[in-house]
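> Pasting a structure here, questions to come.
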Amino acid sequence: MLTQEQHYMPRTGMVTLLTELQQRGYEVIGPGVQDGAIVFHPLTQVDSLPQGIEQTQQPGHYRLHQTESARYFSWANGPQALKPLTFAPRETLWRSEQNADGSLRFTETLADRSLTAVIGIRGCDLAALALQEQHFAEDPYYRQRRANLLLIAVDCSHPADTCFCASTGDGPGADRGYDIALTELDDGYLVRANSEPGKAVLAALPLEAASQKHLEQADDQHRHARQQQRQLPRFDPERLIHQGQSAVWEAVADRCLSCGNCTSVCPSCFCFSEQEVPELDGQTSSHQRQWDSCFSEGHSYIHGHRFRPDTRGRYRQWLTHKFGSWVEQYGRSGCTGCGRCISWCPVGIDPLEILEQLGQEGTDE
Amino acid sequence: MNNPALPTNALILNRIQETEDIFTLQLRLTDPRQHWRLEIQPGQFNMLYRFGVGEIPISFKAISQDEAGEPVLEHTIRSVGRVSRALADLKPGSHIGLRGPFGQGWPLRRAEHQDLCVVTGGLGCAPAVSIIEHAFANRDRYGHIHIIQGVKHSADLLWRSRYEFWAQQPDTTVMMAADVAAPGWPWYSGRVTELIKRLPLKPERTLVCCCGPEPMMQASAEQLIRQQVPPDAIWLSMERNMQCASGHCGHCQFGADFICRDGPVMPYPRLRDRLGLEGI
Amino acid sequence: MARPRIAVHKFSSCDGCQLAFLNLGEALLELSEQVEILHFLEAGMNDPATPVDIAFVEGSLSTPDELERIQQVRANSRYLVTLGACATSGGLQALRNLEGRHDEWRDAIYAQPEYIQTLKEVRPIASAVKVDLELWGCPVNSDQVLAAVRALLFGVSPVDDRDRVCLECKRQQAVCVMVTQGRPCMGPVTRTGCGALCPRFGRDCYGCFGPSETAQTDTLAQRFAGLGLVPDAIARRFLMINSQAPAFLQTGRVFFHTPAGDQDD
């Protein structure tokens, strides 16, 4: 499964890793506990990693538990993925200014971003990053943020009950798209690098040869993690768009709040709206973009008409796009099995159940 | 420098009130380095920006010339929303922002040496006017020109004198339909599809450009197909919410297509199974 | 060009929304260069009858006198903006509408009720005169007030952002209090404008900006029941600061004064 050369690093090596990254000029972002969830934030010391934290995730439900374990990464994920780091929740695209003669001057707001290393990325999130890279390939704002990231993945050893990455082919291990990947074991880590910057960092770490015992433990752990997974049901992506008359949409609309939380926590969802924010003096103005959702009324609005006025149409758009049209757009489904849309839905709607029903139904005609 | 997200300045040279709520802006791109934007094709669009208020997508209408021979970019706008009303308030001498051109225009190359059939419904259909103007400006490249225009009410007809002028041109058919016609309406009263039936089409050598409400475009396309026009010779100009204009913001998705980037002009077979699906 | 003339009028309210103006600080100085503020009692300007371009109205209509006064305000203003929950939906004081026992309560509370002249029901401004823009919130958000003024100075209608709090909450990277704590958060049905202020500080939204677009209030009430809230507690989530906003009122009424709720009290 894992092709790169494997090394072993004792748990104390995390301190060296963090120090090395800092010395190389990276701002380090890592997981921590905040407001009852695993949240990625600036990491200045290893002590603030979520040691011994495990979690329970169910539809509409997320809880953390403290255990005696010395592990730092014994949880699946939190509400964020890499998305906020590459596709900012809100950012200014350009500024405009009125000259004395009334003409307008436009200024780009692309600023140099500092080097950022992110520790604790999961396979599902790396896969979602690859999806966003396809979508934002021509977007200068995205590209600039992405170019300055060093990604340190950790194979997922404790998937949640909401996870199904094995069935989408995106986890639980980190297979591609990282600079460095770790497999967390009881007493340390297996470490592998997948890029030149990653190898350079590795060279400074206290590594030993991985023992057979370590490799076997990693294999067992991986096999176990795969077994915990839910499954993506059988359905036909091409048919989804033609299943608009199905009764499932009515039923889900009765339960759905149209709140858009599923789209915000989804690591691949890319919709944004643009807005103008003029200064009070009326001389300068900022043109911004911010995360939008196909669950908002503004999303399908066009001079007086809404193509999707109700929750039924909006839920259908989301699911049909994510699992159907996405395949046509980018060659694969837009879902990487992270399960966030299930856990972070305030009413606990499970898209897999809806897909399963759709898979059993015919098309409209 | 060429960040497609960054607008350039445009001076309003002239403003023409076409109807109560439709107006045309004649614009000059004040920065000569930005004149590459004038390569815009019929069917494509620009994002027009009113300072401090916001942007809207507006279809390209025409490029004309002023007395000095300088290019003048024309956009026809209907003031229906916040930004379009704000643009409507601007007077000649004011400045706006402009970025573009965006999207896919009409298949001009493919249309050469073919008969052109332009079917439009509704008011001020600038994408259709742009292709008609283009065809007359390059008259020898095209065969017969059929122009079919449908309106809800006869009083809605915009650029009536243009249609009358085109009707006088050789090798040109102009037909008009009004769902509701006031007394004195010299043309047909009824649906556009009825007029299509009467067209002396040579289906094997006709390219169709269709623009208007989706049900009307769908009905027209199906009627044309019944008259043996090949489906892939029928092109529609689509409309959806567009904000970024570069296929990123997600609002304009029509199934798998981003209308702002893959459209707005698209071949009928690409759209056929999705047109008329509620909520798509 | 003459500076646009502005008035800030007070009706039945706590003055908190006027404070949103006063708390602008430097921006208020900048604003006063852009506009001429002619009437604003809390800031010391007193000229209630002067014609203005923009009138901001704080407070609800609670007395017969206010019903007359709002007509004058409307007649004297080109553009009328309601400032906050009281003016827009009746506010907290409109809770008395729910019981419909105006006379009984007045007589029980006041020693000399004959001196009290109040309307039987508290009403939002839009029930009496045309309102051009409604700014929600208890209190309003200063940035929203400034954005509205800026748009009007440009001669365009301000953006009416009807998105729900959840969208902004996620943009702010706040952790969902409903999912992690089981708190009965009103965010999914409440319009943003506050910047998801409460969830960012770990508490549940209580709906002070009123209903969002497509507010799925019945669905949320069902969820609250699932979180263990008794009917009266559900009613109180919806029937609070914006109890008279139709979407909140309709759902709140279903759970208001139901037997299970009485047991809880």
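Protein chains in written order, with UniProt numbering: chain A, 1 to 365; chain B, 1 to 280; chain C, 1 to 265. By construction, the Cβ of each residue, glycine as well, lies at the ideal position given by its N, Cα and C atoms. Note that the structure is a prediction, hence the values are computed from the model and not measured.
For B:Gly-97, which beta-bridge partners are listed by DSSP?
As a working note, residue 97 of chain B is residue 97 in the second sequence. According to DSSP, which records beta bridges pairwise, B:Gly-97 is partnered with B:Asn-9, B:Tyr-49.
> Unbroken alpha helix (DSSP H) runs of length 4 or more, entirely within the stretch 109–170 of chain A: which are they?
Qualifying alpha helix (DSSP H) stretches, in chain order: 123–135, 140–147, 165–168.
> Do the CB positions of B:Gly-103 and B:Phe-165 come within less than 8 Å of each other?
Taking the first residue of the second sequence as 1, we reach residue 103 of chain B at position 103. Taking the first residue of the second sequence as 1, we reach residue 165 of chain B at position 165. Contact: no.
> Since A:Val-252 and A:Ile-354 are thought to touch, with beta carbons under 8 Å apart, how far apart are those beta carbons, to the nearest angstrom?
Counting from one through the first sequence, the residue named residue 252 of chain A turns up at place 252. Counting from one through the first sequence, the residue named residue 354 of chain A turns up at place 354. 6 Å between Cβ atoms; contact.
> What residues in its chain sit with their C-beta under 8 Å from that of A:Tyr-8, if we drop five residues either side in the sequence?
Taking the first sequence and counting its residues from 1, the one referred to as residue 8 of chain A is at position 8. So the list reads Gly-188, Tyr-189, Leu-190, Val-191, Leu-207, Glu-208, Ala-209, Ala-210, Ser-211, His-214, once near-sequence residues are dropped.
> Which of helix, strand or coil does DSSP assign to B:Arg-15?
Here residue 15 of chain B corresponds to residue number 15 of the second sequence, with the count starting at 1. B:Arg-15: strand per DSSP, three-state reduction.
> Establish whether the CB of C:Arg-236 and some CB of chain A are separated by less than 8 Å.
By 1-based counting over the third sequence, the position of residue 236 of chain C is 236. No, no contact with chain A.
> Straight-line CA distance for B:Phe-60 to C:Gly-16?
As a first step, residue 60 of chain B is located in the second sequence; it is residue number 60 there, counting from the start. As a first step, residue 16 of chain C is located in the third sequence; it is residue number 16 there, counting from the start. Computed Cα separation, rounded: 50 Å.
> Find the residues of chain B that neighbour residue 281 of chain C, judging by a C-beta separation of less than 7 Å, and give them in chain order.
Chain C is shown only over 1 to 265; residue 281 of chain C falls outside these bounds and no answer can be derived.
> Rounded to whole angstroms, what is the Cα-Cα separation between B:Arg-270 and B:Ile-234?
Stepping through the second sequence from its first residue, residue 270 of chain B is reached at position 270. Stepping through the second sequence from its first residue, residue 234 of chain B is reached at position 234. Their Cα atoms are separated by approximately 10 Å.
> Considering only C-alpha positions, which residue in the set A:Glu-5, A:Gly-102, A:Leu-85 is nearest to B:Arg-50?
By 1-based counting over the second sequence, the position of residue 50 of chain B is 50. Out of A:Glu-5, A:Gly-102, A:Leu-85, A:Gly-102 has the C-alpha closest to the C-alpha of B:Arg-50.
> Between the stretch 249–262 of chain B and chain A, which residues of the former have CB atoms less than 7 Å from a CB of the latter, in chain order?
Cβ contacts with chain A: Cys-249, Gly-250, His-251, Gln-253, Gly-255, Ala-256.
> If contact is defined by three or more beta carbon pairs under 8 Å, each pair taking one atom from either stretch, is the stretch 74–82 of chain C in contact with the stretch 48–57 of chain C?
Flag = yes, the stretch 48–57 of chain C and the stretch 74–82 of chain C touch.
> Is the beta carbon of A:Ile-119 closer than 8 Å to that of A:Gly-173?
Here residue 173 of chain A corresponds to residue number 173 of the first sequence, with the count starting at 1. Here residue 119 of chain A corresponds to residue number 119 of the first sequence, with the count starting at 1. It is not a contact, given that the beta carbons lie outside the stated cut-off.
> By the three-class DSSP mapping on this structure, what secondary structure does A:Lys-199 have?
Along the first sequence, read from residue 1 onward, the residue named residue 199 of chain A stands at position 199. Correct three-state label for A:Lys-199: helix.
> Under a CB-based cut-off of 8 Å, is B:Val-53 close to chain C?
On the second sequence, position 53 is the one that residue 53 of chain B refers to. For B:Val-53, the answer is yes, since a Cβ of chain C falls inside 8 Å of its Cβ.
> Identify each residue in the stretch 87–106 of chain A for which the Cβ-Cβ distance to at least one residue of chain B is less than 7 Å, and report them in chain order.
Those residues of the stretch 87–106 of chain A that come within reach of chain B (Cβ to Cβ, closer than 7 Å) are Leu-93, Trp-94, Ser-96, Gln-98, Gly-102, Ser-103, Leu-104, Phe-106.
> Could you check how far apart the C-beta atoms of B:Asn-14 and B:Pro-92 are, in whole angstroms? I think they sit under 8 Å.
On the second sequence, position 14 is the one that residue 14 of chain B refers to. On the second sequence, position 92 is the one that residue 92 of chain B refers to. So it is a contact: roughly 6 Å between Cβ atoms.
> Which parts of the stretch 206–242 of chain C are runs of the alpha helix (DSSP H), unbroken and 4 residues or longer, counting only runs that do not cross its ends?
Those alpha helix (DSSP H) runs which fall completely within the stretch 206–242 of chain C and span 4+ residues are 217–226, 231–238.
> Quick one: complete beta strand (DSSP E) runs, 3+ long, within the stretch 83–171 of chain B?
Counting whole runs of 3 or more residues, the stretch 83–171 of chain B contains the beta strand (DSSP E) stretches 95–102, 115–121, 145–153.
> State the DSSP-derived secondary structure class of A:Tyr-330, mapped to helix, strand or coil.
One-based indexing of the first sequence puts residue 330 of chain A at position 330. Helix.
> With respect to the beta strand (DSSP E) encompassing A:Trp-291, which residues constitute its N-terminal and C-terminal limits?
For the purposes of this step, residue 291 of chain A is identified with residue 291 of the first sequence, where counting begins at 1. Counting along the chain, the beta strand (DSSP E) containing A:Trp-291 begins and ends at 284–291.
> With a threshold of 7 Å, establish whether the CB of B:Ser-59 neighbours any heavy atom of the ligand GTP.
With respect to the ligand GTP, the structure shown offers nothing to examine, as it has no ligands at all.
> Which first and last residues belong to the alpha helix (DSSP H) in which B:Ser-246 is found?
Locating residue 246 of chain B in the second sequence gives position 246, where the first residue counts as 1. Taken as a continuous stretch (DSSP letters only), B:Ser-246 belongs to no alpha helix (DSSP H), as it is neither H nor E.
> Relative to the C-alpha of C:Gln-75, which residue among C:Pro-51, C:Ala-196, C:Gly-91 is closest?
For this step, residue 75 of chain C is matched to residue 75 along the third sequence. First, the amino acid is wrong: residue 75 of chain C is Ala here, not Gln. Nearest C-alpha to C:Ala-75: C:Pro-51.
> Looking at the structure shown, is B:Glu-278 part of a helix, part of a strand, or coil, going by DSSP?
In the second sequence, the residue the question calls residue 278 of chain B occupies position 278. If DSSP states are grouped into helix, strand and coil, B:Glu-278 belongs with coil.
> Figure out for me which residue from A:Leu-18, A:Asp-125, A:Pro-59 has the closest Cα to the Cα of A:Trp-344.
Sequence index remark: in the first sequence, residue 344 of chain A carries index 344 (1-based). It is A:Pro-59.
> Could you give the distance in angstroms between the alpha-carbon of C:Trp-105 and the alpha-carbon of C:Gly-228?
The sequence position of residue 105 of chain C within the third sequence is 105, counting from 1. The sequence position of residue 228 of chain C within the third sequence is 228, counting from 1. If you take the alpha carbons of C:Trp-105 and C:Gly-228, they lie about 32 Å apart.
> Say whether chain A places a C-beta atom closer than 8 Å to the C-beta of C:Glu-30.
Here the question's residue 30 of chain C lines up with position 30 in the third sequence. Yes, contact with chain A.
> If the cut is a Cβ gap below 8 Å, which residues of chain A does B:Arg-274 touch?
What you label residue 274 of chain B is simply residue 274 of the second sequence in a count that begins at 1. The contacting residues are Ile-241.
> Here's the rule: buried if 16 or more other CB atoms are within 10 angstroms of the residue's CB, otherwise exposed. What is A:Thr-12?
Position 12 of the first sequence, counting from 1, holds the residue named residue 12 of chain A. Burial call: exposed.
> Would A:Asp-33 pass as an interface residue toward chain C - the criterion being a Cβ-Cβ separation below 8 Å?
Position 33 of the first sequence, counted from the first residue, corresponds to residue 33 of chain A. It should be pointed out that residue 33 of chain A corresponds to Val in this sequence rather than to Asp. Not one chain C Cβ lies under 8 Å of A:Val-33.
> Kindly indicate the opening and closing residues of the beta strand (DSSP E) around A:Ile-53.
Your numbering for residue 53 of chain A matches position 53 in the first sequence. It spans 53–58 - the beta strand (DSSP E) in which A:Ile-53 sits, taken as one unbroken run.
> Considering only the alpha carbon of each residue, which of B:Asn-241, B:Arg-37, B:Val-151, B:Leu-158 lies closest to B:Val-180?
By one-based count along the second sequence, residue 180 of chain B stands at place 180. With distances taken between Cα atoms, B:Val-180 lies closest to B:Val-151.
> Helix, strand or coil for B:Cys-210 per DSSP?
By 1-based counting over the second sequence, the position of residue 210 of chain B is 210. In this structure, B:Cys-210 counts as strand in the three-state DSSP scheme.
> According to DSSP, what are the bridge partners of A:Glu-276?
Taking the first sequence and counting its residues from 1, one reaches residue 276 of chain A at position 276. In the DSSP output, where bridge partners are listed per residue, A:Glu-276 has A:His-287.
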